[in-house]
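What follows is one structure encoded as structure tokens, with my remarks underneath.
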Amino acid sequence: MTRVILNEFPDNGYQAVTEEQRHFAISAVTHLEEMVNNPEYFKQLASTKLKNIKLLIDPVNWKYQEATNDDFHRIIRAGIEVRRPEDMHVPDDNDINIYAALEKRDEGSLGGVTPGKRTIVTNIEKFNEWLEDDNWILLAGHWFHEWLHTSGLYHLNPDVADFKDGVYVAANLLVDVEAQRQISLGEKESSGIVDKVKAFYDAYGIPEQYR
Ligand SMILES: [Zn+2]
358 MTRVILNEFP DNGYQAVTEE QRHFAISAVT HLEEMVNNPE YFKQLASTKL
408 KNIKLLIDPV NWKYQEATND DFHRIIRAGI EVRRPEDMHV PDDNDINIYA
458 ALEKRDEGSL GGVTPGKRTI VTNIEKFNEW LEDDNWILLA GHWFHEWLHT
508 SGLYHLNPDV ADFKDGVYVA ANLLVDVEAQ RQISLGEKES SGIVDKVKAF
558 YDAYGIPEQY R
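Just so you know, we're using my numbering here: the sequence shown kicks off at 358 and counts up by one.
Shown next, in the form of structure tokens:
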């Protein structure tokens with residue numbers, strides 16, 4: 358089993374994280390753990406060709422190579438993050454480690470990860486909107502997409518969104534498989550899940566044809 362750990366969820370100095378925000382963050386991470394341990398996800402991931410992604414293999418000299426399906430499988434299963442030079446002494450674990458922060462961003466900006474950094478920044482206004490809707494699947498999907506970046510998996514072209522690239526496809530598939538699972542659990546439990554998934558796709562600006 359792969360654990361998902363919320364290692365850090367700090368306030369950023371101008372606004373403390375509230376109990377409600379922390380509770381929502383923990384709920385998203387708990388769901389994310391279930392999602393990444395669903396064998397159906399890996400089954401579907403294995404039959405999807407993941408392309409146009411580069412994998413950071415040397416964070417000291419910034420060397421990349423083309424990433425394969427096996428890289429995704431290995432990285433997600435073992436919760437592998439890029440080991441920064443200063444972390445080399447820390448033993449590897451089997452956990453997906455989420456270091457998250459909420460920040461004020463331009464309207465429309467979701468947040469993201471600075472290459473080489475482990476902190477996932479999320480636009481505080483978006484986060485609060487998702488909290489309001491209890492849209493845990495969106496937060497889980499967002500953190501998973503960004504976590505893939507902290508694992509060294511990058512879009513080939515960071516300036517132009519390629520919705521067919523492996524990072525988009527792997528994260529969107531995780532959300533889709535979970536939505537199907539929620540729906541299969543029954544109408545009551547799945548209420549609103551289709552709208553929540555739509556909000557995830559909207560948040561990443563993904564056009565209809567790639568949904
Ligand atoms: Zn991305």
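Yeah, the Cβ is synthetic: ideal placement off N, Cα and C, and Gly gets one too.
Item to complete: State yes or no: is the C-beta of V534 nearer than 6 Å to some heavy atom of ligand 1?
Response: no
Discussion item. Give the list of continuous beta strand (DSSP E) stretches no shorter than 3 residues that lie fully inside the segment 503–530.
Written reply: 510–512
Discussion item. Suppose contacts are defined by Cβ-Cβ distances below 7 Å. Is L488 in contact with Y398 by that definition?
Written reply: no
Worksheet item: Given 8 Å as the limit, is there contact between the segment 462–474 and the segment 496–510, that is, 3 or more CB pairs closer than that?
Response: The segment 462–474 vs the segment 496–510: in contact.
Worksheet item: Which first and last residues belong to the alpha helix (DSSP H) in which L488 is found?
Response: 481–489
Fill in: Residue burial classification, T405 (beta-carbon count within 10 angstroms, cutoff 16)
Around the beta-carbon of T405, fewer than 16 other beta-carbon atoms lie within 10 Å, marking it exposed.
Practice prompt. Give the DSSP bridge partners of Y456, in chain order.
Written response: E365, T476
Worksheet item: Once you ignore the five residues that flank N529 on each side, which residues in its own chain have a CB closer than 6 Å to its CB?
Response: Setting aside the 5 residues that flank it on each side, N529 has no residue in the same chain whose C-beta is closer than 6 Å to its C-beta.
Worksheet item: Helix or strand or just coil, what does DSSP make of Y398?
Response: helix
Worksheet item: For ligand 1, is there a heavy atom less than 6 Å away from the beta-carbon of V517?
Response: no
Worksheet item: Are the segment 375–393 and the segment 514–525 in contact at 8 Å, needing three or more beta carbon pairs?
Response: The segment 375–393, when compared against the segment 514–525, does not touch it at the 8 Å Cβ threshold.
Practice prompt. May I ask you to check if the CB of V524 is nearer than 6 Å to at least one heavy atom of ligand 1?
Written response: Within the cutoff, so yes.
Discussion item. Restricting to Cα atoms, I'd like to know which of A527, L495, I437 is closest to A560.
Written reply: L495
Discussion item. For I383, tell me which candidate among L412, E460, Y456 has the shortest Cα-Cα distance.
Written reply: Y456
Worksheet item: If you draw a straight line from the alpha carbon of H446 to that of A373, how long is it in whole angstroms?
Response: 32 Å
Item to complete: Return the chain-ordered list of same chain residues with a C-beta closer than 7 Å to the C-beta of G562, the five sequence neighbours on each side being excluded.
Response: Counting only residues of its own chain and dropping the five nearest sequence neighbours on each side, G562 has a CB closer than 7 Å to the CB of A518.
Worksheet entry | Straight-line gap, H499 to W419 (C-alpha atoms, nearest Å) | Using only the alpha carbons, I get a separation of about 25 Å.
Worksheet entry | Check whether N514 and A556 have beta carbons under 7 Å apart | no
Worksheet item: With DSSP run on the structure shown, which of helix, strand or coil describes E464?
Response: Here E464 sits in coil by DSSP.
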